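Quick mapping for you: the protein sequence lines, in order, are chains A and B. Mapping of the first sequence onto the UniProt record's numbering: residues 1 to 135, in sequence order. Mapping of the second sequence onto the UniProt record's numbering: residues 1 to 135, in sequence order.
2 protein chains.
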Amino acid sequence: MSLPRAKLVRNFPGCPVEATLSYLDGKWKGVILFHLMKGTLRFNQLRRKLPAVTQRMLTKQLRELEESGLVSRTVFPVVPPRVEYAMTPLGMTLKPVVDALAAWGDDYVFCSPEGRELRMSSGGLHAPASPLQAG
Amino acid sequence: MSLPRAKLVRNFPGCPVEATLSYLDGKWKGVILFHLMKGTLRFNQLRRKLPAVTQRMLTKQLRELEESGLVSRTVFPVVPPRVEYAMTPLGMTLKPVVDALAAWGDDYVFCSPEGRELRMSSGGLHAPASPLQAG
DNA sequence: CCGCATCCTAGGGGATACTG
DNA sequence: CAGTATCCCCTAGGATGCGG
Chain A
1 MSLPRAKLVR NFPGCPVEAT LSYLDGKWKG VILFHLMKGT LRFNQLRRKL
51 PAVTQRMLTK QLRELEESGL VSRTVFPVVP PRVEYAMTPL GMTLKPVVDA
101 LAAWGDDYVF CSPEGRELRM SSGGLHAPAS PLQAG
Chain B
1 MSLPRAKLVR NFPGCPVEAT LSYLDGKWKG VILFHLMKGT LRFNQLRRKL
51 PAVTQRMLTK QLRELEESGL VSRTVFPVVP PRVEYAMTPL GMTLKPVVDA
101 LAAWGDDYVF CSPEGRELRM SSGGLHAPAS PLQAG
């Protein structure tokens, strides 16, 4: 009753980064949060945003997010069924994280000019620097 | 020669968040970056920072980070061997991301007062709100 | 529309031992 | 010190089908 931390903290990670990442673990949690940040979505709406996700996996990851207290699941007892997913207040505290993730993806993975510049000059793969850059 | 993007982008993710997370994928990459952000480290120095990591896994994850261009590996041809790992310029662009991850972990996973408040009030697990909070 | 149950596989990741 | 090489297990995650 006084220990929601036990649920939230999964395997007592030693480092704050590790801790946070444990909640984003799984192939789809990050993207789910990213979309839910922008507003409540029904199951199939969410599914359409994630073209590659399986029904099973979407359900599973949503349940885990719910169990972590990051996402709320609201069932409307109507027919056909209507289930809405939304960020909880706790979930919303992840916004800076998700924003940072999204920003980096935009800048350095998708084809922006600055991203390409840096990729060239950092040269991990091609350009040997001073002593012995491994291959 | 003009396509480092092919190496960097692994499976052409559809969303920037997904893209970024694909580089943090694996059990240890986040923590590795977290520690390397603070400065260059030798293999065993890094290992001591990650008490639970296996030699094999540390090597593997470092190689993947290197291949992504986020981390550089410098071999000094001396005996005993000396290998230093450091962030590349591209890797350093992840600092805002890693900082955000670390901050959230500190605030909401480790036992800070605000974190506990929010966990109680967001009540994903216990407190039914209006219609039917699932259980 | 939303989701569970079942079956199945690839590969992530641990343990341990050996090398330059 | 900084790795490879083996073996082996486990489970994340895909495919498919049923049900309210």
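Virtual Cβ for every residue (Gly too), placed ideally from N, Cα, C. No experiment lies behind these values; they were computed from the predicted model shown.
- If one requires a minimum length of 4 residues, the alpha helix (DSSP H) runs lying completely within the UniProt domain "HTH hxlR-type" (15-113) of chain A are 16-23, 29-37, 43-49, 55-67, 89-92, 95-104, in chain order.
- With 16 or more other Cβ atoms inside 10 Å of its own Cβ, T93 (chain B) counts as buried.
- Counting the other Cβ atoms within 10 Å of the Cβ of P16 (chain A) gives 16 or more, which makes it buried.
- Only exposed fits V75 (chain B), as fewer than 16 other CB atoms lie within 10 angstroms of its CB.
- Between E64 (chain A) and chain B, the shortest Cβ-Cβ separation is not below 8 Å.
- Contacts with chain B (Cβ-Cβ distance below 8 Å) from the stretch 71-91 of chain A involve V71, S72, R73, T74, V75, F76, P77, T88, P89, L90, G91, listed in chain order.
- Contact note: G39 (chain B) does not reach chain A at a C-beta cutoff of 7 Å; the least C-beta distance is about 16 Å.
- Taken atom to atom, the span from the alpha-carbon of V97 (chain A) to that of D99 (chain B) is near 9 Å.
- With a cutoff of 8 Å on beta-carbon distance, T40 (chain A) and L101 (chain B) are scored as not near each other.
- Measuring C-alpha to C-alpha distances from F34 (chain A) to each of A:P80, A:P51, A:M87 identifies A:M87 as the nearest.
- By the neighbour-count criterion, in which a residue is buried when 16 or more other Cβ atoms sit within 10 angstroms of its Cβ, V78 (chain B) is exposed.
- Taking every protein chain shown into account, the CB of K60 (chain B) has fewer than 16 other CB atoms within 10 angstroms, so this residue is exposed.
- Interface flag for L24 (chain A) against chain B is set, since a Cβ pair is found closer than 8 Å.
- Of B:V109, B:M37, B:E18, the smallest CA-CA separation from K95 (chain B) is found for B:M37.
- Rounded to whole angstroms, the Cβ separation of R42 (chain A) and V83 (chain A) is 6 Å, and the two are in contact under 8 Å.
- Within 10 angstroms of the beta-carbon of G14 (chain A) lie fewer than 16 other beta-carbons, which makes it exposed.
- The beta carbon of V31 (chain B) lies closer than 7 Å to those of L50 in the same chain, with the five residues before and after it left out.
- K29 (chain B) places its beta carbon less than 8 Å from that of L65 (chain B).
- In this structure, the straight-line span from the alpha carbon of L24 (chain A) to that of S68 (chain A) is close to 10 Å.
- The beta carbon of T59 (chain A) does not come within 8 Å of any beta carbon belonging to chain B, so the residue lies off that interface.
- The beta carbons of Y108 (chain B) and L62 (chain A) sit no closer together than 8 Å.
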